Structures are given as C-alpha cells and as structure tokens.
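Chemist:
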Amino acid sequence: MKKHDIVTGDVERLDFPDRGIVRVRDDQGEQILHVKGVLPGQRVQCLVTKKRSGSMSGRLLSVLSEAPGSVPSLCPHFKDCGGCAYLTLPYEESALLKEAQVKRLLSPLLSIQKEAPVWERLLTSPVTEEYRNKMEFTFGDAVKDGPLSLGLHKRGSFHDIVSVTDCRLVDADYRRILSATLSFFSPLYERGEVTYYHRMRQSGWLRHLLVRKARGTGEILVDLVTTSEAAAQAAAQEQGGRADTEALLAGFRNTLLSLAGDLDGRIAGILHTTNDAAADAVIDGGTKLLYGTDFFEEQLLGLSFRVTAFSFFQTNSAGAEVLYETVRRYVREACALTGEVGEDIASGTLGTVYDLYCGTGTITQLLSPVAKRVVGVELVAEAVAAAKESAARNGIGNCEFLSGDVLKLLDELTERPDLIVLDPPRDGIHPKALPKILSYGVPHIIYVSCKPTSLARDLPVFRQNGYEATRLVCVDQFPWTRHVETIVMLSQIH
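If you read the sequence shown in our numbering, its first letter stands for residue -1, the second for the next number, and so on.
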C-alpha cells in the first residue's frame, strides 16, 4: 500500500479527536489507516494521503455502508457542513462515543497512579436540539465566485462556506436572523457594493455574524463583524467604487429591527465590530453600538448573569446547569474529605477559593455560599465588568473579580486559598502558570476541561507535584459535535 492508493476498510474505533482507526488489507496483510470524519462500524473508501514509518493517514472518499443502528440525520446540511460529526447516531450512543475517546486518551495516564480514580458515568445534555446560546456565522461563498453565503465551513474545507439556514443546533430566531442578514447583503454583493473577507487575499469587508441568545430571558445580541473602514474602502476600490459603510450598517440594523414581530425572543442589542486580523476568528478590534445595549441577561441555577458579545459563557445554558451543579458537587465532596463542609454546601467554612479563568464569573458566584471569599480571575476585561455587575444584582458580596492574565496575576495573589477551581480555555493552562497554581499546595483542585488533549498534557505535571485524579466525569455540553467537557477532582496524595 502506498501514497495515493484508494483503499476500502472497516472503521474499528475513534481516538480523540475524532480520528478513525480503519483496518485495511493488501497483499502485505492487514494495516491501520487514520481517517477523520468516520464512525465505528462504517465500511469506507479512502485515499491514502500520508505514509511514513508504519503510520498511514487517509482522506474519506465515500461511506460504502453505514454503522449498525445508524439513523437519518435530523439536519439537511449534515453532509455538507462541518459543524456536526455524529448526527447519524442515536444521541445517547453519540455521547458515549465521545466519553470512550476521552477514557482511551486518559487511561494510560491514570493507570500509573497510586490509586485508581472513580470514573463516573457520562452526564448527557438535557437539550439535544436548538441548544446553543451563541453562534458565529462566517461570510463567504460555497463555490469559487458563487453567490454570497453566510454560515459554517464546508466539511473538510478552510475556505468554502455553507449557508446553514436550517441548522438544528440553534433555534428559529438564529435562522431568521441569518436569513434576513443574507437577504440584505446578497443583492449588494451581486452589484459589487459589498465584498466578503477573502482569507487568501486578505481583503474584503464582511467577516462574521455573531448571534447570542439567552435561554432564560429570550434576549438576543447580534454583532456584525467586518474589516475596518480603511479596509472596506480598499476593497470597494478594487471593485471600482466606494463603500458607504454608515449606510450599510444602518440598513443592516433596520433589517434586524424589522424582524421584531417574527422573533420568539427580543433583540436587546445590535453591534458592529471591526477586525483586521488575518486569523479566521472573531476578534474584537473595536465595537460600536448600533442599537440597544451591548449585553444580554441569562439565568442559571437561580442567578442572573450579564453576558457581552465577547465574554466567555457556556454555549449550552441547559447543559451548563448540569456542568455547574457537578462542579458544586465536586467542591462539596472535596470539602467533606478535608472535614470542612457538611452535606449542604451552604454550611461550608472554607476561607478563600480561587476561580481561575472565570469568564463572566458563573462558577465564582455559584461557589459563594461555600466560602468566606471567592476570587475570580479572567483575562477579558469586559467579562470581568459583567461579572461584577452580575454579582451585585444577585446580592453576592463575597466575590472579588480581577482582570488580567492568570500567569501574571498569580504573582500578586499571595494568599493561600483553601481550594482552586480551574476552567481554562481550550489550549489549557499556560505551562508557566501551572507551577504557580501548584505552589499554593491546596488539598484539592477542581479542573474543568473543554479539550481532553490539553487535560492529558497537564495531568502528568499535577502528578509530578503530588496530585492525582481521584474522580472524573464527562459532561456532554455539545450534542452531535466532537467536543465534550471533562471535570476532574485532583487531590494531594500523601
């Protein structure tokens, strides 16, 4: 078997992240091919793209037969869009498939511990459709020089965009806003009055449409992300014209406001963000308010939270309640192990808790009953401002929020806390910050991980410093996608 060969085989399993193990045969015997975008039990045809020192990778060409027990996809965009991975599996099976990948990844690291941890059964999401409270849509085209698209990246493509007008991860209001935005800009695009940002040429105006909607209140925040005025004029000149960005933004705002009677929720704010960065990501290079407020209110576990366009907040509000209730349970169990709290978390006698990478302060506030003081640290300044306002409205007076990089602020936080909660971004804890966190020597650390490979990288460092995982559970915050959260209790081993 060599590079560029077309082979047929059966998918044996998935390794994180979504890497299929396909068994193929040739005249040299049975070999393993690594292929993305497949499911266990499928028979597939693949193109061998890499072969080196016994390891082979391939690209999926076609699915010859589906996995046993597969079901019809609930989304019409599934075959084209790259947003979901497991829509042809029953939900419970898709969630357990992700749990199995996490266990396979972490098991070698946990098997060398002095004591085996308790693996709890995966916790599923209470809502499996229309669950997202945030969506980032991208402007582009589905085929070269085709009509304007607004949606998600095409499966396996960095450039092509599929207009997901019937996406099942978001509710009808998202779909109405997407369709209205596309209808407004499409004729302008056809006449050459607007352009979308082309990654290869690094020119164009329209970049992203960010939509956030609170499940608890129904409030909606819409943010149009474009390049700056100078970039817009440069792109227009390429078309032989001049961009009237103020008129375009006014037209966009009025288009959304005209939807008011058709929406189930309510538009709380319309924003315009500029971003001239080369990266294909929603980055805040300056935001202007076009209508209403620059935040919306969400409710979780009896508390109210103010969420802004760029502040971190769990994207599945119903699932977040499961996640945070589990974090509170782990904290309660950690405290019970040290004799500091009873069955009721409100009877806690902890002194200080550090909530690092706290976002809008959700965990910080939810842990306020168990401690005399909870300190939340977050890099995004607007998230910290929102957290302070939320705590004040919730009547919580023992939470302190600090804005800055965890790596730098840890040098200023000299007080030894009684417990630390970590909820880092996908890349995990900064390698230089981790030794500082460990230097506090707290008995227990609760680590909330949204990327298992980052957790796998950090676990050996914890072990080298006297901590082992004593309890773990996966929480499916993102039904049908490849992503899964993992909560770990790390305890000092004497």
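The C-beta atom is built at its ideal place from N, Cα and C for all residues, glycine as well. Given the structure is predicted, the values throughout are model-derived calculations rather than measurements.
Looking at the structure shown, is ARG304 part of a helix, part of a strand, or coil, going by DSSP?
Modeler: In the structure shown, ARG304 sits in a strand (DSSP, three-state: E or B).
Chemist: Within the same chain, show all residues whose beta-carbon is closer than 8 Å to that of ALA344, passing over the 5 residues directly before and after it, in chain order.
Modeler: Residue confidence is low: ALA344 scores 48 on pLDDT, short of 50, so the model does not pin down where it sits. Its coordinate-derived value is still stated next. For ALA344, where only same-chain residues beyond five positions count, the Cβ hits under 8 Å are PRO367, VAL368.
Chemist: Where does HIS196 land, buried or exposed, given buried means 16+ other C-beta within 10 angstroms?
Modeler: Answer is exposed; the Cβ neighbour count stays below 16.
Chemist: In three-state terms, what does DSSP make of ILE4?
Modeler: Strand, per DSSP.
Chemist: Under 6 Å Cβ to Cβ from GLU466, same chain only, skipping five residues before and after it: list those, please.
Modeler: Closer than 6 Å at Cβ, skipping near neighbours: GLN111, ILE491.
Chemist: State buried or exposed for PHE137, treating a residue as buried only when at least 16 other CB atoms are found within 10 Å of its CB.
Modeler: By the neighbour-count rule (16 or more Cβ atoms within 10 Å), PHE137 is buried.
Chemist: Taking 7 Å as the limit between beta carbons, can you name the residues of its chain near LEU107, skipping five residues before and five after?
Modeler: Closer than 7 Å at Cβ, skipping near neighbours: ALA454, LEU457, PRO458.
Chemist: Please name the residue in GLN29, LEU72, ALA83, LYS49 whose C-alpha comes closest to that of ARG17.
Modeler: The residue with the shortest Cα to Cα distance from ARG17 is ALA83.
Chemist: Give the range of the beta strand (DSSP E) segment to which CYS472 is assigned.
Modeler: Per DSSP, CYS472 belongs to the beta strand (DSSP E) from 465 to 473.
Chemist: Applying the criterion that 16 or more other CB atoms from any shown protein chain within 10 Å of the CB defines a buried residue, is PHE399 buried or exposed?
Modeler: Result: buried.
Chemist: I'd like the ranges of any beta strand (DSSP E) spanning at least 3 consecutive residues and lying wholly in the segment 134 to 164.
Modeler: You should have 146 to 151.
Chemist: Looking at LEU62: is its Cβ nearer than 9 Å to the Cβ of VAL33?
Modeler: Going by C-beta atoms, LEU62 is not nearer than 9 Å to VAL33.
Chemist: Can you find at least 3 beta carbon pairs, one from the segment 430 to 449 and one from the segment 325 to 333, that sit closer than 8 Å?
Modeler: A contact exists between the segment 430 to 449 and the segment 325 to 333.
Chemist: Residues in its own chain within less than 8 Å of PRO145 by CB, not counting five upstream and five downstream?
Modeler: Contacts found: ASP139, SER184, TYR187, GLU188.
Chemist: Check the DSSP bridge columns for GLN363 and list the partner residues they point to.
Modeler: DSSP, once it has assigned bridges, lists no residue as partnering GLN363.
Chemist: The alpha helix (DSSP H) with TYR322 in it runs from where to where?
Modeler: First-last of the alpha helix (DSSP H) with TYR322: 315 to 335.
Chemist: Could you check which residue in THR350, ALA384, PRO124 has the C-alpha nearest to that of VAL320?
Modeler: Checked all of THR350, ALA384, PRO124; the closest Cα to VAL320 is PRO124.
Chemist: Considering TYR172, what are the terminal residues of the beta strand (DSSP E) in which it resides?
Modeler: It is not in any beta strand (DSSP E) - TYR172 instead sits in the alpha helix (DSSP H) that spans 170 to 188.
Chemist: Is THR198 buried or exposed, if buried means 16 or more other CB atoms sit within 10 Å of its CB?
Modeler: According to the sequence displayed, residue 198 carries Met and not Thr. Label assigned to MET198: exposed.
Chemist: Under a three-way DSSP split, which group does PHE460 fall into?
Modeler: Correct three-state label for PHE460: helix.
Chemist: Please return the same chain residues whose Cβ sits closer than 7 Å to the Cβ of GLU501, not counting the five positions on each side in sequence.
Modeler: Residue 501 falls outside the range modelled here, since the chain spans only -1 to 492, and no answer is possible.
Chemist: Using a Cβ-Cβ cutoff of less than 8 Å, which residues in the same chain neighbour LYS434 once the five nearest sequence positions on both sides are dropped?
Modeler: The answer, listed in chain order, is LEU405, LEU408, ASP409.
Chemist: Expressed to the nearest angstrom, what Euclidean distance is found between the alpha-carbon atoms of GLU341 and ALA431?
Modeler: The predicted position of GLU341 is uncertain, since its pLDDT is 44 and thus under 50; no value can be drawn from it.
Chemist: Grab me the residues of ASP282's own chain with a C-beta within less than 8 Å of its C-beta, minus the 5 sequence neighbours each way, in chain order.
Modeler: So the qualifying residues of the chain are THR271, ASN273, ALA307, PHE308.
Chemist: When we look at the beta-carbon of THR179 and count the other beta-carbons within 10 Å, is it buried (16 or more) or exposed?
Modeler: THR179 comes out buried.
Chemist: Quick check for students: name the residue ranges of the beta strand (DSSP E) that lie wholly in the segment 212 to 297, counting only runs of 3 or more.
Modeler: The segment 212 to 297 contains these whole beta strand (DSSP E) runs: 217 to 224, 264 to 272, 285 to 290.
Chemist: For GLU380, is the classification buried or exposed, using 16 other Cβ atoms within 10 angstroms of its Cβ as the cut-off for buried?
Modeler: That one is buried.
Chemist: What whole-angstrom Cβ distance do THR313 and ARG130 have, given they're in contact under 8 Å?
Modeler: The Cβ separation is near 5 Å, so the contact holds.
Chemist: So, using beta-carbon positions, are CYS472 and GLU97 closer together than 9 Å?
Modeler: The answer is yes: Cβ separation under 9 Å.
Chemist: Does the segment 387 to 397 come within contact of the segment 419 to 427, defined as at least 3 CB pairs closer than 8 Å?
Modeler: Short answer: they don't touch.
Chemist: Quick one: what does DSSP say VAL368 is sitting in, helix, strand or coil?
Modeler: Three-state result, VAL368: helix.
Chemist: Between MET54 and VAL46, how many whole angstroms is the CB-CB distance? I'm expecting something under 8 Å.
Modeler: That pair is a contact at about 6 Å.
Chemist: I need the straight-line Cα distance from THR215 to VAL168, nearest angstrom please.
Modeler: Distance between the alpha carbons of THR215 and VAL168 is about 16 Å.
Chemist: How would you write the range of the alpha helix (DSSP H) that TYR445 sits in, first residue to last?
Modeler: No alpha helix (DSSP H) contains TYR445, which is instead part of the beta strand (DSSP E) from 442 to 447.
Chemist: If you follow the alpha helix (DSSP H) that ILE435 is in, where does it begin and where does it stop?
Modeler: Residues 431 to 436.
Chemist: Taking the straight line between their C-alpha atoms, what separation do you get for ASP353 and GLU376?
Modeler: One C-alpha to the other measures close to 9 Å.
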